[in-house]
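Only one structure is covered here, and it is reproduced in the block below.
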Amino acid sequence: MKKREIMRIMIGLILLVSFLSIPFMSPVKQYFSIPNQLTLFEKQSGYALPTFANTNANIKQDQESLTAFSNNIVPKESGQSSVFYEWAGLPIKKVDVKVLEDFKVIPGGQSIGVRLHTLGVLVVGHHLIQTADGKMSPGEEAGIKVGDVILEVNGKKIKKVEDVAAIVKEEEGKALDLKVKRNDETFNTTLTPKYDEQDEKHRIGLYIRDSAAGIGTMTFYHPDSKKYGALGHVISDMDTRKPIEIHNGKLVRSNVTSIEKGSNGVPGEKNAEFSVEDESIGNITRNSPFGIFGELNQNVKNNVMDKPMPIALSHQVKEGPAKILTVIEGQKVEAFDVEVVSSVPQKHPATKGMIIKITDKELLDATGGIVQGMSGSPIIQDGKVIGAVTHVFVNDSTSGYGVHIEWMLQEAGIDIYKDGKRDEQKAS
Numbered sequence: 001m002k003k004r005e006i007m008r009i010m011i012g013l014i015l016l017v018s019f020l021s022i023p024f025m026s027p028v029k030q031y032f033s034i035p036n037q038l039t040l041f042e043k044q045s046g047y048a049l050p051t052f053a054n055t056n057a058n059i060k061q062d063q064e065s066l067t068a069f070s071n072n073i074v075p076k077e078s079g080q081s082s083v084f085y086e087w088a089g090l091p092i093k094k095v096d097v098k099v100l101e102d103f104k105v106i107p108g109g110q111s112i113g114v115r116l117h118t119l120g121v122l123v124v125g126h127h128l129i130q131t132a133d134g135k136m137s138p139g140e141e142a143g144i145k146v147g148d149v150i151l152e153v154n155g156k157k158i159k160k161v162e163d164v165a166a167i168v169k170e171e172e173g174k175a176l177d178l179k180v181k182r183n184d185e186t187f188n189t190t191l192t193p194k195y196d197e198q199d200e201k202h203r204i205g206l207y208i209r210d211s212a213a214g215i216g217t218m219t220f221y222h223p224d225s226k227k228y229g230a231l232g233h234v235i236s237d238m239d240t241r242k243p244i245e246i247h248n249g250k251l252v253r254s255n256v257t258s259i260e261k262g263s264n265g266v267p268g269e270k271n272a273e274f275s276v277e278d279e280s281i282g283n284i285t286r287n288s289p290f291g292i293f294g295e296l297n298q299n300v301k302n303n304v305m306d307k308p309m310p311i312a313l314s315h316q317v318k319e320g321p322a323k324i325l326t327v328i329e330g331q332k333v334e335a336f337d338v339e340v341v342s343s344v345p346q347k348h349p350a351t352k353g354m355i356i357k358i359t360d361k362e363l364l365d366a367t368g369g370i371v372q373g374m375s376g377s378p379i380i381q382d383g384k385v386i387g388a389v390t391h392v393f394v395n396d397s398t399s400g401y402g403v404h405i406e407w408m409l410q411e412a413g414i415d416i417y418k419d420g421k422r423d424e425q426k427a428s
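With the UniProt record's numbering, letter number 47 in the sequence shown gets 47, and the count goes up by one each step, no holes.
Dropping the structure here:
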């Protein structure tokens, strides 16, 4: 091979290595870490923008909704503004900044009892009945599957189990026209009850349920709208493992009686008592992947942090120390130390936005870490509500996931942006 060809190959390799190393050069990495857009709240502490090329950058802003100094911007009043990075006297980057109106919520931490009534009745199993032709399930013969929801029978809307039983008794074995919901589809089918020779009644051969109950933790309460959010995750049926579509529901206070400690591989659990006959503190109108939501009919206090607090958007959450509010005995809400191990600045709603680790010795001694019933416990960092505890890691009971408060507020029907739109916090 000629020397000239060898030199050409070597130069090509050097250029290739140089090109591939560009993303790892410090100034370039700094540049790409600068966001194109930011959303902040007025009257809140400043936000530190990433530096660029050490200290050689100047930041200038073109409107009066915020103040910029060094690499910090402080929101003053709601409105739109822009921040310009300058280097060596030349503009190199523009950051659009949206300053939202001041917004606060009251953090929760209270242990709550939940009672949900399903939309229609939920099919949770097939029941074989003894007929003259042998054992069979009329419901299964009609194509009804576990997890289906029976919405109507013979044109009548179904709200509870007793509604179905009354129609079956009235029709005395006649074919029934059912309207059924399966996932996102709705269809009609015909089910003919069969005479059960053992019970001497006509039966449909289905196990059905119209309600569910459980415990969790209140996350936040918005004093202006009376809206609240709790749990931080969807409530699913214990048999079908599918999310429960609700017709309505109620919220009551609950009393933590004991705790089964969690360990690696086995999640712990809060044991609590409540009665569905207790006075309701609010309704439940929505059961979503981000928790349960509705409106409270009375003020609730945690006696720890009862004053309205600002919130942090996902890009404002930092790795480091924080606190959660939760109950480990009776109805007493306490603050415990945790650490935000990681947080993802999310552009779109997602349930697993943070990883948190319990660091408080008292809480670890009492619970072993994150336990069932702790879901919804608000996470507080730097005087702001940043999210809620949602799930525990099966192989590490001291750690688990958290959801950003931003998405819970959206699910609660609270528009912190005032125009229903969220500016993406993205880098170029």
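Even for Gly, the Cβ is constructed at its ideal location relative to N, Cα and C.
Where the alpha helix (DSSP H) through residue i begins and ends
i, result
"GLY139", "138-141"
"GLU77", "Unbroken run through GLU77: none, as it is neither H nor E."
"ILE167", "161-171"
DSSP three-state assignment for residue i, whether helix, strand or coil
i, result
"ASP133", "coil"
"GLN410", "helix"
"GLU101", "coil"
"GLU279", "coil"
"GLN37", "strand"
"ILE235", "coil"
"ILE112", "strand"
"SER314", "helix"
"ILE144", "coil"
"ILE405", "helix"
"ILE22", "Only weak support is given to the placement of ILE22: the predicted model assigns it a pLDDT of 48, under 50, and the question is left unresolved by the model."
"GLU245", "coil"
"LYS179", "strand"
"ILE355", "strand"
"HIS202", "strand"
"TRP87", "strand"
"MET309", "strand"
CB-CB length for residue i against residue j, believed under 8 Å
i, j, result
"ALA230", "ILE112", "6 Å"
"HIS233", "GLY291", "6 Å"
"VAL304", "TYR221", "Between TYR221 and VAL304 the Cβ distance is about 14 Å, and since that is not below 8 Å, they are no contact."
"VAL149", "VAL180", "7 Å"
Neighbour-count burial assignment, residue i, 16 or more Cβ in a 10 Å radius
i, result
"ILE414", "buried"
"VAL114", "buried"
"ASP41", "The residue you asked about is not Asp; residue 41 is Phe in the sequence shown. Under this definition PHE41 is a buried residue."
"ARG241", "exposed"
"LEU119", "buried"
"ASP365", "exposed"
"ALA132", "exposed"
"MET238", "exposed"
"GLN410", "buried"
"ASN395", "exposed"
Start and end residues, beta strand (DSSP E) containing residue i
i, result
"THR367", "That residue, THR367, is in no beta strand (DSSP E); its alpha helix (DSSP H) goes 361-367."
"ARG241", "ARG241 -> no beta strand (DSSP E), and no H or E assigned at all."
"THR390", "384-393"
"SER343", "333-343"
"SER45", "Taken as a continuous stretch (DSSP letters only), SER45 belongs to no beta strand (DSSP E), as it is neither H nor E."
"LEU151", "149-153"
"GLU185", "185-191"
"GLY262", "Neither: GLY262 is in no beta strand (DSSP E) and is coded neither H nor E."
"THR217", "206-221"
Identity of the residues DSSP links to residue i by a beta bridge
i, result
"GLY376", "For GLY376, which the question treats as bridged, DSSP gives no partner whatsoever."
"ALA272", "VAL256"
"ALA350", "DSSP lists no partner for ALA350."
"LEU296", "GLY282"
"GLY291", "SER288"
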